[in-house]
Amino acid sequence: MSNSVIYWFRQDLRLEDNPALLHAAQSGKSVIPIFIFDPDDRPIGMAASWWREQSLTKLGQALKKIGATLNFYEGRPLEILQKLTGFYGADEIVWNRQYDGYSVARDKEIKQTLSDKGIQCSSFNASLLFEPWLIKNKSGSHFKVFSPFWRQCMAENAPESPFPRPTKLRGHSDTDPLQISLPTAPLSDDADLITEEWTPGETGANRQLEKFIEEGLAIYAEFRDFPDRPATSRLSPYLRWGEISPRQIWSKIQFVKSHESFSEKTITKFLAEIGWREFSYHLIFHVPEMATQNLQSSFNDFPWERNEEARQQWKEGKTGYPLVDAGMRELRRTGYMHNRVRMITASFLIKHLMIDWRAGEKYFWDRLLDACPANNIAGWQWVAGSGADAAPFFRIFNPIIQGEKFDPQGAYTKRFIPELAHVEQKHLFSPWKAKSDTVGVDFQEGGYPDPIVEHEYARNRALDAFQQIRR
Ligand SMILES: Cc1cc2nc3c(=O)[nH]c(=O)nc-3n(C[C@H](O)[C@H](O)[C@H](O)COP(=O)(O)OP(=O)(O)OC[C@H]3O[C@@H](n4cnc5c(N)ncnc54)[C@H](O)[C@@H]3O)c2cc1C
3 MSNSVIYWFR
13 QDLRLEDNPA
23 LLHAAQSGKS
33 VIPIFIFDPD
43 DRPIGMAASW
53 WREQSLTKLG
63 QALKKIGATL
73 NFYEGRPLEI
83 LQKLTGFYGA
93 DEIVWNRQYD
103 GYSVARDKEI
113 KQTLSDKGIQ
123 CSSFNASLLF
133 EPWLIKNKSG
143 SHFKVFSPFW
153 RQCMAENAPE
163 SPFPRPTKLR
173 GHSDTDPLQI
183 SLPTAPLSDD
193 ADLITEEWTP
203 GETGANRQLE
213 KFIEEGLAIY
223 AEFRDFPDRP
233 ATSRLSPYLR
243 WGEISPRQIW
253 SKIQFVKSHE
263 SFSEKTITKF
273 LAEIGWREFS
283 YHLIFHVPEM
293 ATQNLQSSFN
303 DFPWERNEEA
313 RQQWKEGKTG
323 YPLVDAGMRE
333 LRRTGYMHNR
343 VRMITASFLI
353 KHLMIDWRAG
363 EKYFWDRLLD
373 ACPANNIAGW
383 QWVAGSGADA
393 APFFRIFNPI
403 IQGEKFDPQG
413 AYTKRFIPEL
423 AHVEQKHLFS
433 PWKAKSDTVG
443 VDFQEGGYPD
453 PIVEHEYARN
463 RALDAFQQIR
473 R
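Residue numbers (my numbering): 3 to 473.
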């Protein structure tokens, strides 16, 4: 009888609330924890690669403390797993599930092929509150609108409690010839604030949750749309890489709800955002094609423009609209962008510049630490109006008004656009109007650009284009 089990880490880079790892630990067999760099999966971007490398390093250290060594491999997972089961004589492989189209198909093939060879493959849920196939509408299909989806989730039994972390693993003393060392993933020079602002890994995730409960949760409902306020959790990269699970967050929030005096409104709002994450994951599971195609096929005829110059100006934060540019520079420098500003920058690319949402999704994918196969696609399609329960296309953000409303002191915008540091608040979001005033001198010297497109013109052009696909 075999006495080893392979544990395959993927997007669950933690020890706590890790049902597959706990299963392996409790099997009594020696555990071989592995991570595979899969060349057939969508290559992750620069920022996320850095995060993953850091997180895997910390995971390796944590595993060592409880008795096992994390091994790295590169290649097609089925082939690697076949070779490893042979080498270690393992009769079982365990992993936590992923829900995007590529991963589902890959895992299915692996399960089928290896089960036929007598190797048991067991998978678990470690990244969702509710499995996608359990939440159905009255006609037995998946939900396309968020509110009834979340109501249905809330009507289900409460999510399971988090699983305890294994305290000891029986490691394996052999090493195999396929192993590689963990590849380094350097950051580009312009991502200069990432290491200062972020601490990847399970410990960092738990600290971030504690910090949010202390500083952000009480003001979440009121200030979550204001990018200069520390009101949101910044848990997204940790959730993306599974350094913390939604079950852990859920359970911690239920605990503080019953022990501390947070308003029902703020708790409900925060949990609903975790709900939006669930909604995106369920959607991508049920409609995997949405990763590359419009969910609403009427958008297939949208007359997108190919404007390389404007796309580059958008990426560099040089559109001449300060809130848009602050967001794009925040993304570049920190690997993160506040949700309200993600909506505004995405809307600007799609509606003001009429550039296909897929181009924006690709750039976010490269630059976001939390770039996620479900949330990024769903976010972009939501803004475009082509997605599920999406913002209607005709609702076009005015980047000037959005700035005045959501960055009322200008602190966020000025942090990322130092050229505008001395521009008066009344001109901050339309600085071209300050040109004739003396207050405009600083910004002119700093070289901040004029708007690359005029707002009213862009708005009307986008609405005309939208009319074409509605006919
Ligand atoms: C164009 C666009 C692209 C996006 N790309 C991503 C992405 O690649 N990865 C990603 O995790 N989120 C993405 N989002 C959703 C959202 O902007 C981020 O999850 C959020 O800003 C992360 O900050 P936070 O952790 O402080 O969020 P909080 O407000 O503290 O929310 C807590 C958690 O809930 C989830 N969440 C919050 N808002 C949303 C939302 N609108 N949709 C889905 N889940 C949500 C996230 O997991 C988040 O960490 C995108 C949104 C847009 C408009």
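Idealized CB from N, CA, C, for every residue including glycine.
Under the three-state DSSP convention, the category residue i falls into
| i | result |
| --- | --- |
| Ile36 | strand |
| Asn73 | strand |
| Gln427 | helix |
| Tyr9 | strand |
| Ser125 | strand |
| Ile182 | strand |
| Val443 | With a pLDDT of only 45 at Val443, under the threshold of 50, the placement of this residue in the model should not be trusted; the figure read from the coordinates follows. Three-state result, Val443: helix. |
| Met339 | coil |
| Ile481 | Residue coverage of the chain in this structure runs from 3 to 473, which leaves residue 481 outside it and unanswerable. |
| Trp434 | helix |
| Lys113 | helix |
| Met356 | coil |
| His144 | coil |
| Leu130 | coil |
Alpha-carbon spacing of residue i relative to residue j, whole angstroms
| i | j | result |
| --- | --- | --- |
| Glu406 | Phe431 | 7 Å |
| Glu266 | Glu280 | 21 Å |
| Trp135 | Trp252 | 20 Å |
| Tyr241 | Ile215 | Before going further, note that residue 241 is Leu rather than Tyr in the sequence given. If you take the alpha carbons of Leu241 and Ile215, they lie about 16 Å apart. |
| Arg44 | Ser57 | 19 Å |
| Ala70 | Ala22 | 15 Å |
| Tyr222 | Glu310 | 38 Å |
| Lys317 | Ala361 | 11 Å |
| Ile38 | Trp10 | 8 Å |
| Ala107 | Ser263 | 46 Å |
| Trp53 | His25 | 27 Å |
| Tyr101 | Tyr283 | 7 Å |
| Leu86 | Leu130 | 29 Å |
| Ser141 | Phe151 | 13 Å |
| Leu61 | Gly203 | 7 Å |
| Arg231 | Glu217 | 10 Å |
| Ile68 | Arg172 | 8 Å |
| Leu211 | Asn341 | 18 Å |
| Val7 | Tyr365 | 39 Å |
| Arg308 | Trp367 | 20 Å |
| Gln122 | Glu18 | 23 Å |
| Ser32 | Glu55 | 25 Å |
| Thr186 | Thr59 | 10 Å |
Rounded distance between the beta-carbons of residue j and residue i, thought under 8 Å
| i | j | result |
| --- | --- | --- |
| Phe132 | Glu158 | 6 Å |
| Ile286 | Ala376 | 4 Å |
| Trp97 | Arg12 | 6 Å |
| Thr268 | Ala220 | 6 Å |
| Pro229 | Asp372 | With a Cβ gap of about 16 Å, Pro229 and Asp372 do not count as contacting. |
| Phe418 | Glu332 | 5 Å |
| Leu196 | Phe301 | In the sequence on display, residue 196 carries Ile and not Leu. So it is not a contact: roughly 34 Å between Cβ atoms. |
| His288 | His429 | His288 to His429, Cβ: 48 Å. No contact. |
| Pro433 | Val326 | Between Val326 and Pro433 the Cβ distance is about 13 Å, and since that is not below 8 Å, they are no contact. |
| Met48 | Ser190 | 6 Å |
| Tyr75 | Ile36 | 6 Å |
Where residue i falls, given that 16 or more other Cβ within 10 Å makes a residue buried
| i | result |
| --- | --- |
| Pro459 | In the sequence on display, residue 459 carries Tyr and not Pro. With fewer than 16 other Cβ atoms within 10 Å, it is exposed. |
| Glu94 | buried |
| Met156 | exposed |
| Val443 | Here the model assigns Val443 a pLDDT of 45, short of 50, so the residue's position is not dependable and the matter cannot be decided. |
| Ser149 | exposed |
| Gln383 | buried |
| Thr201 | exposed |
| Arg334 | buried |
| Arg369 | buried |
| Lys353 | buried |
| Lys416 | buried |
| Leu72 | buried |
| Pro164 | buried |
| Gly88 | exposed |
| Ala348 | buried |
| Thr321 | buried |
| Pro79 | buried |
| Ser235 | buried |
Residue i at chain D interface by Cβ criterion, 7 Å
| i | result |
| --- | --- |
| Thr197 | Here there is only one protein chain, and chain D is not present. |
I'd like the ranges of any beta strand (DSSP E) spanning at least 3 consecutive residues and lying wholly in the stretch 54-105.
73-76 and 94-98
In chain order, which continuous runs of the alpha helix (DSSP H) of length 4 or greater are located wholly inside the stretch 186-213?
196-199
Fully enclosed by the stretch 362-411, which alpha helix (DSSP H) runs are 4 residues long or longer?
377-386 and 401-408
Complete runs of the alpha helix (DSSP H) confined to the stretch 261-297 [at least 4 residues]:
266-288
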